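First residue of the sequence shown? That's 6 in this note's numbering, and the numbers climb one at a time after it. We treat Cβ as the ideally placed atom computed from N, Cα and C, and that holds for glycine. Predicted, not measured: the structure shown is a model, and the values here were computed from it.
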Amino acid sequence: MINIAKPVIGPEEKQAVMEVLDSGIIAQGPRTKAFEEGFAAMCQVKHAVATSSGTTALHVAMLANKIGDGDEVVTTAFTFIASANSVLYAGARPVFADINPRTFNIDPEKIEAAITPRTKAILPVHLFGLSCDMDPIMKIAQKHNLVVIEDACQSHGATYKGKKVGSYGTGTFSLYPTKNITSAEGGMITTDDDAVDDECRVIRQHGMRKRYFHEELGYNFRMTDVHAAIGLAQLQKLAVFNR
Ligand SMILES: Cc1ncc(COP(=O)(O)O)c(C=O)c1O
């Protein structure tokens with residue numbers, strides 16, 4: 006068998022996990038917070054919200070941006086199924102625009118033809134570590150007043166004209182073992198928008214701002230500190246892994 010991706014786990018990850026296990030705080034706690042802060046710094050954004058997977062990061066990002074029933078989201082079919090599924094989870098409809106055959110990423114020239122009065126967002130997928138062509142995508146989004154939710158699940162640390170992916174709109178990342186870095190399972194949402202950050206945290210934790218006061222329908226999409234400890238150790242190695 007030829008491995009196409011193999012997680013590289015060193016003594017740093019193992020020691021970090023043991024420290025969490027010994028600490029007694031093993032669910033979402035200080036390690037998750039530290040991982041979020043480190044990830045936000047890596048993406049050059051204000052906020053990062055850790056989740057249980059890239060799929061749940063996408064799901065929460067949809068809901069936090071108020072994508073819902075009757076809405077349409079323009080995206081690409083040339084991706085992992087979770088990109089389009091996240092649109093369906095929110096009750097909206099994915100509308101596919103074709104890719105550029107040279108980059109395999111969504112072709113900005115095909116996006117505008119897919120926009121209807123129901124379109125609420127564009128979901129570009131930065132596939133295989135390569136950023137989408139963000140200048141025209143952001144221009145189209147601005148022109149049509151659309152939200153941009155980036156699926157950067159395969160592109161941690163990638164840049165477009167020097168700007169990090171995940172810093173254009175609401176960014177989403179996967180930390181599955183085949184990704185640039187891993188936390189075994191896990192995801193991350195990135196944003197500069199305080200309101201989106203706040204809403205993501207509420208949806209991730211049962212719709213709660215105050216303990217046991219449930220303001221809206223939420224989920225348990227939290228990351229554990231055991232996973233965050235692995236992710237935090239991996240984050241220090243991202244540049245080396247990417248190289
Ligand atoms: C492009 C893309 N989007 C979404 C996902 C979903 O991430 P996860 O497997 O962590 O749920 C993946 C990875 O599997 C992916 O490659």
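| Query | Result |
| --- | --- |
| With a threshold of 7 Å (Cβ to nearest heavy atom), would LEU68 be considered close to ligand 1? | no |
| Give a yes or no on whether the C-beta atoms belonging to PRO122 and ILE145 are separated by under 8 Å. | no |
| Kindly examine ligand 1 and report whether one of its heavy atoms sits closer than 7 Å to the Cβ of TYR94. | no |
| Pull up the distance between the alpha-carbon of PHE218 and that of ALA82, whole angstroms please. | 39 Å |
| Is GLU155 helix, strand or coil by DSSP? | strand |
| Does ALA200 pass the burial test, meaning 16 or more other C-beta atoms within 10 Å, or should it be called exposed? | exposed |
| Quick check: what's the CA-CA separation for THR124 versus ARG98? | 9 Å |
| LEU180 by DSSP, collapsed to three states: which one? | coil |
| Extract the residue ranges of the beta strand (DSSP E) inside the stretch 161-205, only unbroken runs of 3 or more that lie entirely within it. | 175-179, 192-196 |
| Check whether the Cβ atoms of TYR154 and ALA126 sit closer than 8 Å, and answer yes or no. | Correcting the residue identity first, residue 154 is Ile in this sequence and not Tyr. Yes, they are a contact pair. |
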